[in-house]
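Undergrad:
There are 2 protein chains.
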Amino acid sequence: MLPKFESIFSIDCVIFGFDEGALKVLLIQRNDPPFENWWALPGYFVEKNEGIQEAAERILFNFTGLTDIFLEQFYTFGDVDRHPQGRVITVAYYAMIRISSKDNLHPNTPFVKKAFWCPVNEIPALAFDHSLIFEKSLQRIRRKISYDPIAFELLPEKFTLTQLQNVYEAILNKKLDKRNFRKKMLSNGILKELDEKQHGVAFRAATFYKFDRRTYNKLFKKELTFSKE
Amino acid sequence: MLPKFESIFSIDCVIFGFDEGALKVLLIQRNDPPFENWWALPGYFVEKNEGIQEAAERILFNFTGLTDIFLEQFYTFGDVDRHPQGRVITVAYYAMIRISSKDNLHPNTPFVKKAFWCPVNEIPALAFDHSLIFEKSLQRIRRKISYDPIAFELLPEKFTLTQLQNVYEAILNKKLDKRNFRKKMLSNGILKELDEKQHGVAFRAATFYKFDRRTYNKLFKKELTFSKE
DNA sequence: CCAAAAGTGTTTTTGCTACACCCATGA
DNA sequence: TCATGGGTGTAGCAAAAACACTTTTGG
């Protein structure tokens, strides 16, 4: 039989975007206590009849209006006193979205005073244990980017190699060598060169590329397959 | 204000051990419905007033009698229908312990009919979504072993290089070259050669080594530090 | 003396690092 | 014509992979 004790649980999302050459995170300002007016990660409670992945997608949609987003669970935070009003366990997800400067986000929730894209190295003190959650998400994507092509989720479909390098540099927080970066990126065929080039720029126009997921999946499958012995 | 809906949640543990050259997992046979008599991962509900890490340690202790064990959270499973009796979200941990063939485990819980160490490639169908949980844990430790010295958690304090190689081969599920393995393991100073050797074996006695955590921590710290640019 | 595992080096290949100049474009 | 970022190759080094025989021990 199921026990009598129950807990509340929630989802918190670390939503990454890339804009103006910087890695950013979507923060919201809370409208209600506890932590009224504090900055926090977008998050909300999970309904009794929805799965947690589902809930994460719903919450992401409510805060950004976006669907079909790269969204991945990375850790669950369950200290007894992490929420001042009672026991709340939270499952943390990170998401990567393409910020388009045109359309602003319309958080579809009354709990939010405002939202903004905060550069990752300027994050203020956050409500609850959200600073910890954010730190853990950064650690995770730094490791993840070395074996999984998450960088492309932050870029438009067509991008230049310099843009791609900027994403890697922002996530890894270090400068990379341009020639070595290009050599490596182009060596395995996961990028497809397009006929199109930039235009209207006051310097040599860069070639656009796109991510070739088909080729990537082949390589990845191979990586997962063990050799005969 | 906190919402009215609440859920139950639990911890499930994938407890790895290494014995007779094989990687094994501790399974228990359930004593009660649902899934009465089915094999399952050790797990139990989290109390209202305990943190989840705490809860994982308690549950691990109840099933093995062991404390101070390598125990790490790896994923949370929250499908609505994963438990037939109601909404139960489970936080999954994996643990690594040294199986000593002498002392048997004494599960300190009435919910268990029996327990046994099951080789990872002979796992039967498991209760709930435990097969999925187990698969995910394997994926995790396979990746983890390439950058974190978790293999030592499975071995006694003193071990031979062949034993160590066996652990790597069992986790990675492939054969490794003996000379290259030794070269690599001995190249970075994280193993300390002992004066002691095997005895009573009908072949050349192997030298014992132990893991030098001090040296490892130095290397690891260095790895986390970013270079000047 | 045999069976069984311990232990040991070298060569080849591959991937990573470091490094500097010319090109195309719009203003 | 100038400022700006786009684009390119090579050499040296280090790590990984491939590969087979001798040594020690107890029975």
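Top line first, the protein sequences correspond to chains A and B.
The first sequence runs 1 to 229 under the working numbering.
The second sequence runs 1001 to 1229 under the working numbering.
All residues carry an ideal CB built from backbone N, CA and C; glycine is no exception.
Residue 30 of chain A lies in the beta strand (DSSP E); which residues open and close that run?
TA: Here the beta strand (DSSP E) through residue 30 of chain A covers 22 to 30.
Undergrad: Please report the residue range of the alpha helix (DSSP H) in which residue 1191 of chain B lies.
TA: That residue, residue 1191 of chain B, is in no alpha helix (DSSP H); its beta strand (DSSP E) goes 1191 to 1197.
Undergrad: If you measure from the beta carbon of residue 1007 of chain B to each beta carbon in chain A, is any gap under 8 Å?
TA: yes
Undergrad: Have a look at A/208, A/189, A/188 and A/191 and flag the residue whose alpha-carbon is nearest the alpha-carbon of residue 197 of chain A.
TA: A/208
Undergrad: Any contact of the segment 1092 to 1101 of chain B with the segment 1069 to 1082 of chain B, i.e. 3+ C-beta pairs under 8 Å?
TA: Counting C-beta pairs closer than 8 Å gives three or more between the segment 1092 to 1101 of chain B and the segment 1069 to 1082 of chain B, which meets the contact rule.
Undergrad: Can you tell me whether residue 1195 of chain B is buried or exposed, with buried defined as 16 or more other CB within 10 angstroms of its CB?
TA: Counting of Cβ neighbours within 10 angstroms places residue 1195 of chain B among the exposed residues, the total staying below 16.
Undergrad: Which first and last residues belong to the alpha helix (DSSP H) in which residue 64 of chain A is found?
TA: Counting along the chain, the alpha helix (DSSP H) containing residue 64 of chain A begins and ends at 52 to 64.
Undergrad: Enumerate in chain order the residues of its own chain whose CB-to-CB distance from residue 63 of chain A is below 8 Å, with the five nearest sequence positions on each side excluded.
TA: 13, 15, 26, 28, 42, 105, 107, 108, 109, 112 and 115
Undergrad: For residue 1073 of chain B, return the contacting residues in chain A, with the cut-off set at a CB-CB distance below 8 Å.
TA: Per Cβ cutoff of 8 Å: 75 and 76.
Undergrad: Which chain B residues are close to residue 210 of chain A, counting only those with a beta carbon under 9 Å from its beta carbon?
TA: By Cβ distance, chain B contributes nothing, its closest Cβ being about 28 Å from residue 210 of chain A, past 9 Å.
Undergrad: Along the chain, where does the alpha helix (DSSP H) that runs through residue 1036 of chain B open and close?
TA: For residue 1036 of chain B, there is no enclosing alpha helix (DSSP H), as DSSP marks it with neither H nor E.
Undergrad: Which residue marks the beginning of the alpha helix (DSSP H) containing residue 1168 of chain B, and which one marks its end?
TA: 1161 to 1172
Undergrad: Could you give the distance in angstroms between the alpha-carbon of residue 123 of chain A and the alpha-carbon of residue 23 of chain A?
TA: 11 Å
Undergrad: Suppose you measure from the CA of residue 1182 of chain B to the CA of residue 7 of chain A; what does that come to, to the nearest Å?
TA: 50 Å
Undergrad: For residue 1177 of chain B, does the count of other Cβ atoms within 10 angstroms reach 16, so buried, or fall short, so exposed?
TA: exposed
Undergrad: Would you say residue 1227 of chain B faces chain A, with C-beta separation under 8 Å as the test?
TA: In this prediction, residue 1227 of chain B scores a pLDDT of 34, lower than 50, which makes its location untrustworthy; the coordinate-derived value is nonetheless stated afterwards. Judged by the 8 Å Cβ criterion, residue 1227 of chain B is in contact with chain A.
Undergrad: Residue 100 of chain A lies in the alpha helix (DSSP H); which residues open and close that run?
TA: No alpha helix (DSSP H) contains residue 100 of chain A, which DSSP labels as neither H nor E.
Undergrad: Should residue 1148 of chain B be labelled buried (16 or more other beta-carbon atoms within 10 Å of its own) or exposed?
TA: Counting Cβ neighbours within 10 Å, residue 1148 of chain B comes out exposed, since fewer than 16 surround it.
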